[in-house]
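Engineer:
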Amino acid sequence: MSQSTKLVLPRICRVKLHSFSLFTLEPNAEVDIRGGVFCLAGANGLGKSTFLSAVNYAVTGIVADPTRTFMSVDEYYKHCSGYSNDYFSGKITEDDREAAAITIDLVIGNRYYVLTRGVFEPEELRELSIRDLRSNKVFLDGVSLSGQRRQQEYEKSIVTDVGLGSFAQFVFLQYFVFTFDERRQLLLWNQNILNQALFLGIGADYAKAQTADALRRERDKAASLARNFSWQASGIRSQIEVLRKAANIDASETDIDEAKAAQKALFGEMQRKQLDAESKRNELNDVELKRMEISARLTTLQAEYNDEFAKRVRERSHIELHPIVMMSSRVGGCALCGTPGNKAIESITTKIRLSHCPLCDSPISNGVLGGESVEKLKSIDDAISDETKNLALTVQTKDRIQSELEASDAVAEGIRKELREFESANEDLLLQMGTKSENVDIVIRKRLDEMNDCLKRKDEQYRKRDEKQKELKKLFNELLEQYRQAEKEFVPLFRELASLFIGIDLDIRMEYSSSVIATGLSLQLEMQGEVRRQIHQLSESQRFFLDIALRMALAEYMADQRGKVCLIIDTPEGSLDIAYESRAGQMFASFAQKGNNIIMAANINTSQLLQRMAAMCGHSKMTLHRMISWTGLSDVQLAEEQLFQDAYGQIEAALDKGDK
Amino acid sequence: MLMAKLKLHWTRGTSSLLMISPYAYFDALSICKRLQSIRENAPLGEIYLFSYLSCLLSLYKQRPLSYWSYGFSVTANGYPYSVELDSAIAILLGHGLIDQNVQNVSLTEAGTEEHRLLSELSQNHERDIYIEGACAASLAVPVGTIRRNIASVAPIEGALALSQSRLLLTPSDLEDTCEQFGQLSSIIGVEITDLMIPAIFWLSYLSKVRERDSGE
Chain P
-4 MSQSTKLVLP RICRVKLHSF SLFTLEPNAE VDIRGGVFCL AGANGLGKST FLSAVNYAVT
56 GIVADPTRTF MSVDEYYKHC SGYSNDYFSG KITEDDREAA AITIDLVIGN RYYVLTRGVF
116 EPEELRELSI RDLRSNKVFL DGVSLSGQRR QQEYEKSIVT DVGLGSFAQF VFLQYFVFTF
176 DERRQLLLWN QNILNQALFL GIGADYAKAQ TADALRRERD KAASLARNFS WQASGIRSQI
236 EVLRKAANID ASETDIDEAK AAQKALFGEM QRKQLDAESK RNELNDVELK RMEISARLTT
296 LQAEYNDEFA KRVRERSHIE LHPIVMMSSR VGGCALCGTP GNKAIESITT KIRLSHCPLC
356 DSPISNGVLG GESVEKLKSI DDAISDETKN LALTVQTKDR IQSELEASDA VAEGIRKELR
416 EFESANEDLL LQMGTKSENV DIVIRKRLDE MNDCLKRKDE QYRKRDEKQK ELKKLFNELL
476 EQYRQAEKEF VPLFRELASL FIGIDLDIRM EYSSSVIATG LSLQLEMQGE VRRQIHQLSE
536 SQRFFLDIAL RMALAEYMAD QRGKVCLIID TPEGSLDIAY ESRAGQMFAS FAQKGNNIIM
596 AANINTSQLL QRMAAMCGHS KMTLHRMISW TGLSDVQLAE EQLFQDAYGQ IEAALDKGDK
Chain R
1198 MLMAKLKLHW TRGTSSLLMI SPYAYFDALS ICKRLQSIRE NAPLGEIYLF SYLSCLLSLY
1258 KQRPLSYWSY GFSVTANGYP YSVELDSAIA ILLGHGLIDQ NVQNVSLTEA GTEEHRLLSE
1318 LSQNHERDIY IEGACAASLA VPVGTIRRNI ASVAPIEGAL ALSQSRLLLT PSDLEDTCEQ
1378 FGQLSSIIGV EITDLMIPAI FWLSYLSKVR ERDSGE
C-alpha cells in the first residue's frame, strides 16, 4: 500500500505594496504577518478583497476569474493568466501603472523567498531572491536575470520546494484549497474541483492528477464523437428509406427530362447570379481598400496639420503679455524696480516694439505670424481638402456598390429559393432521374456502406471512451485506496473543526461513482445521522463555513508538518446569526492555535466572529490590522467613524482578555 | 490679486499648448468675432453654447459626428462644455488674441488678424458656415431662450435635473435630434446654404415642446 506524499506548504510572512493607488492614504502599505490569525479589518469598500487578491496575484501571477467554470487544472491556469490586467485596471491610476507592484516574503520549508511582481506584469518578476534559512546562504539571486527568467526560476523552485508536478497545480491549490474568496467556489459541491484537490492532496502520485485530468477530457471527447457518428448514421438511414421509396415510383422519360431541364436552367441561372454578386463583392473590397488608404492619408495629414498648428502657436511671442509687463502698464510704472511714470512704460514698450527684451535687451521674435507659417498650414489644409473630397467620392462609390451587391444577392437568393422549391415539389421525379441513371441498388448500397462505416466508427469511439473510463477508474481506485488510508487522519480533522462550527454531530462520507457520466469521488455530509446530499439542505453561510473547515482539514492533512498551513479567507461572515458567528470564531481560533496561519479580511463590526476569535487567540495568536487608515472613508462612514473605533476597541479588549 | 490672475493666464496659456486643437482654436476666435459684431461682446459661456449649436448644424448637413473633431459634456450650469475649447480660450487669452473683461470676451486687434489669416484655410472656411448659422440665430432668438431650449433636450435636461456631468452627442442622445433634423430637412432641404434658417426652425420647435410640456 503506497504512502501519500506530503507537501511543504508556503507561509506568507510579509506583504509590501508599491504605488498601489487604490489605497490613497497608504499606497505603499506594508504588513508583517506573524503566526496565527492576521485579520485585516475595515469598512465596506476599502479594498480588503483587493488586498487579498493582490497577495495571491503576487504569489501565483494570476487573478482568478470569477466567471470562469473550472474545467481542468491546466486550462484554468492558462485562461486566468490574462485576467489580472482587467482586474487591476480600475484600481490603479494611470500614472501609477508602471510603478505599481507587490512584494511578498514567503517561507517554504527552509527556504525564504522574496519576490516582487509588477501589478501589470503577470508573466515576470521584478525581484526574486531565495535563501536557505539554516545557513542564511543565498540560494538564488535574480538581480542579473530578466523578469521572465526570474518567473521561470521562481516556478521551478516553487514546484520543487512544495513537492508538486507543475506550477499550474500549485496555482490550483492556492486558489481552490488555500483560499476562500469572493468566487465562493465550494469543494464540497463541485465534484470536478474536489477530485483534483484530492488527487493533489491525498493522491500518491501528482502526475496521476494530470493523467486523470487528461483521461477525463479524452473520455468525454470520445463520447461526444460517438454521439455524432450515431446521429450521422441515423441521417443516412432516413435517406436510404427515401431512395427505396423513390425506386418504386414510375414516371415517363419525358416528365423526367423536363424536370431535369428545368432544374438545370434554374441551377445555371443561380450560378450566374452568384458570379455577379461575387464580382460586386470584389469591387466592394477594392473600393473599401481605397477608402482605407485615403483615410490613412487623411489621418497623417491631420496629424501634420495639428503639429504645424501647435508649432505656430508655440512660436508666437507673447512677451508683452508677461505678468510683469502687463502689471507695469496697469500700475503706470515699472513693476520690477518700482520706477513710476510714463517714461518707464515708454522704455518697456519701445523695446518690445523694436523686438528686444525689456529686461536683458536680447533680440526677440516680433510675434507676427503671417506668411510662412500660414502658407505651410494652407498647403496641408489644401491637401486635407482634396483628400476629404476623394474620400467623399469613394464613400459614395462604396454606397452605390453596396446597394448593387445587396440587389445581386437578393436576386441570387430568390433563384436559390426557387430552385429549392422546384426540387422539393419534384423530389420524386428528380430522385428517379438519379436512380434510373445510376441504378438505385448501387446508390442504396453506397449509402448502406456509409451508414455501416458511421456505426463502426461510433462503436470505435464508444470503445475508446470505455477504455479511457477503465483507465480513469483504475486511477480513481488508487485514489479511493489513498482516501481510505487518509480518512483516518483527515476525517477527524474535518469533524473536529466542522463540529465546532455547526454544534451538532457531523460526519463526512466518501462516495464513489464509476458511471461514465460522473466518475469520481464525492463527499457527503451527514448531520445527526441524515445525509445532506442537496446543496439547498444547508444555508449559504453553513455551506461556506463547512467548506472552509474542509479546506482547513485537507490543507492540514497534505502538509508535511502539522501547524504549517497558511489559508487566505475573504470576509466569510456573510449572513451568520450571532450564535454561529461565535462558533465560526471558535473554529478559526482552534485552527490558529494549532500553529496554522490565516490571513483574513473581515468587515469591522461588533460581530461575534472576531470577538470570539480574539478572546481565544489573544495577541500572541492574532494580529488585528486596522485598515480604515489606508484609504478615505465615505461620507456615511466618516459620520459614524466612532462606531468603527468602538468596534476596534471591543476586539482589542477581547485580545487583551485572550492574553490573560 | 490681479497679478495672480495674470499669472494664471500666462501659465495656462503656455502649459496648454501641447493639447491645442486647431479647430477649437479657430472656432473660439470665429464665434467671438461673430458675437462681438452682433452684440459688442461675448459672454464666455456662450462660446461653448454656440460651438455646440454649430456642431449640431454640421450634423443637420449630414456631416459625420467625428467631423467636429472635439466633443462636449454638460456641466451643472447648463452650458455645454468642451475641454478643447477651454484650452483654446486659455491660449487665446494668454497670447492676447482675446481680452477678458469680467465674464465677457472680445477679439483684440491681433485676434482679428489671426482670424482673418485662419479663415483662409478651407477647412475653417467650411466650419465658418456652421458657426455663422449658429451665431446668426441669436438675431432672431434671444440667447437665454437658445440656452434654455438646448438645455431642454433630453441628455442635458437629465444631467441638470440630477446635477450630474455627462458626455453629450453620444449616439443614443442624438436619436431624437436626428429625427427632428430629418423632419426639418424634408421641409427646407439639406442643401440650404444659410444655416440660420434650420437653426431658428429647430430652436422654435424646441420652444413649442417646452411650452407644451410646461403646460401639461
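Here the protein sequences come in this chain order: P and R. Note that my numbering has the first sequence beginning at -4, numbered continuously upward. Note that my numbering has the second sequence beginning at 1198, numbered continuously upward. Where a beta carbon is used, it is the ideal one built from N, C-alpha and C, also for glycine.
1) Keeping to the same chain, check which residues put their C-beta closer than 7 Å to that of K1204(R); ignore five residues upstream and five downstream.
2) Identify the contact partners of E1317(R) in chain P, using a Cβ-Cβ distance below 8 Å as the criterion.
3) Is there a Cβ of chain R sitting closer than 8 Å to that of S380(P), yes or no?
4) Could you check which residue in L518(P), N185(P), I497(P), T514(P) has the C-alpha nearest to that of E506(P)?
5) Just checking my contact of A228(P) with L450(P) at CB under 8 Å: how many whole Å lie between their CB atoms?
6) Please classify H614(P): does DSSP put it in a helix, a strand, or coil?
7) Below 7 Å CB to CB, which residues in the same chain sit around A407(P) once its five sequence neighbours on both sides are set aside?
8) Using DSSP's beta-bridge definition, name the partner residues of H74(P).
9) Within the chosen definition, does the stretch 110 to 121 of chain P reach the stretch 88 to 96 of chain P through at least 3 CB pairs nearer than 8 Å?
10) Counting only beta-carbon separations shorter than 8 Å, does E315(P) have a partner in chain R?
11) Count the other CB atoms within 10 Å of the CB of D27(P); is the residue buried (16 or more) or exposed (fewer)?
12) In three-state DSSP terms, what is Q1259(R)?
13) Just mark I1385(R) as buried or exposed, buried being the case when its beta carbon has 16 or more other beta carbons within 10 Å.
14) Return yes when the Cβ of D156(P) is within less than 8 Å of the Cβ of G85(P), no when it is not.
15) Rounded to whole angstroms, what is the Cα-Cα separation between R239(P) and W226(P)?
16) Can we say the stretch 590 to 603 of chain P touches the stretch 628 to 637 of chain P, given the rule of at least three CB pairs closer than 8 Å?
17) Pull out every residue of the stretch 268 to 285 of chain P whose Cβ sits closer than 8 Å to any Cβ of chain R, in chain order.
18) What's the gap between the Cα of A163(P) and the Cα of V68(P)?
19) Quick check: what's the CA-CA separation for V1280(R) versus S161(P)?
20) With DSSP as the reference, identify every bridge partner of Q1297(R), one or two as the case may be.
21) Among the residues of its own chain, which have a CB less than 7 Å from the CB of E1413(R), if the five just before and after it don't count?
22) Is the shortest distance between the beta-carbon of L1226(R) and the beta-carbons of chain B less than 8 Å?
23) Using a Cβ-Cβ distance under 8 Å, would L1414(R) count as near chain P?
24) In the DSSP assignment, what residue or residues form a beta bridge with K11(P)?
25) Taking the Cβ atom as the reference point for each residue, do L293(P) and L388(P) lie within a distance shorter than 8 Å?
26) Run through chain R and tell me which residues come within less than 8 Å of N598(P), C-beta to C-beta.
27) Give the range of the beta strand (DSSP E) segment to which L1289(R) is assigned.
28) CA-CA distance, Y1257(R) and H74(P)?
29) With distances taken from CA atoms, which of N280(P), R458(P), S629(P), I499(P) is nearest G390(P)?
30) Does the beta carbon of L1203(R) sit closer than 8 Å to a beta carbon anywhere in chain P?
31) Thinking S585(P) and L492(P) are a contact (beta carbons under 8 Å), I'd like their distance in whole angstroms, please.
32) At the level of alpha carbons, what is the spacing between I1235(R) and S1383(R)?
33) Could you tell me the alpha carbon to alpha carbon distance between N23(P) and N51(P), rounded to whole angstroms?
34) Taking F629(P) as the reference, which of D81(P), G42(P), R29(P) has the closest Cα?
35) Give me, in chain order, the residues of the same chain whose beta-carbon lies closer than 8 Å to that of R538(P); leave out the 5 immediate sequence neighbours on both sides.
36) So for S624(P), helix, strand or coil by DSSP?
Structural biologist: According to the structure data:
1) Confidence at K1204(R) is low in this model, with a pLDDT of 41, below 50, so the placement of that residue is unreliable and no value is reported for it.
2) V369, K373
3) yes
4) L518(P)
5) 5 Å
6) It is helical.
7) M265, K268, Q269, A272
8) DSSP, once it has assigned bridges, lists no residue as partnering H74(P).
9) The stretch 88 to 96 of chain P and the stretch 110 to 121 of chain P touch, with three or more beta-carbon pairs separated by less than 8 Å.
10) At least one chain R Cβ lies under 8 Å of E315(P).
11) Exposed, by the Cβ-count rule.
12) coil
13) Looking at its Cβ environment, which holds fewer than 16 other Cβ atoms inside 10 Å, I1385(R) is exposed.
14) no
15) 20 Å
16) no
17) none
18) 6 Å
19) 53 Å
20) In DSSP, Q1297(R) forms a bridge with V1302(R).
21) Confidence at E1413(R) is low in this model, with a pLDDT of 49, below 50, so its placement is unreliable and the value that follows should be read with caution. Excluding positions up to five away in sequence, the list is empty.
22) In the structure shown, chain B does not exist; the protein chains are P and R.
23) In this structure chain R extends from 1198 to 1413, so residue 1414(R) is not present and cannot be described.
24) DSSP lists E25(P), T98(P) as partners of K11(P).
25) no
26) In chain order: nothing, as chain R lies at least about 30 Å away.
27) Where L1289(R) is concerned, there is no enclosing beta strand (DSSP E), although the alpha helix (DSSP H) it sits in stretches over 1280 to 1291.
28) 48 Å
29) First, the amino acid is wrong: residue 390(P) is Val here, not Gly. Put simply, of N280(P), R458(P), S629(P), I499(P) the residue whose alpha carbon is nearest the alpha carbon of V390(P) is N280(P).
30) For L1203(R), the predicted model reports a pLDDT of 38, less than 50, meaning its position is unreliable; a value from the coordinates is still stated below. With 8 Å as the cut-off, L1203(R) counts as an interface residue toward chain P.
31) 7 Å
32) 30 Å
33) Linking N23(P) to N51(P) through their CA atoms gives a straight-line distance of about 17 Å.
34) It is Ser, not Phe, that sits at residue 629(P) in the sequence shown. Residue G42(P) is the option with its Cα nearest to S629(P).
35) Cβ within range, chain order: L181, L183, W184, I530.
36) coil
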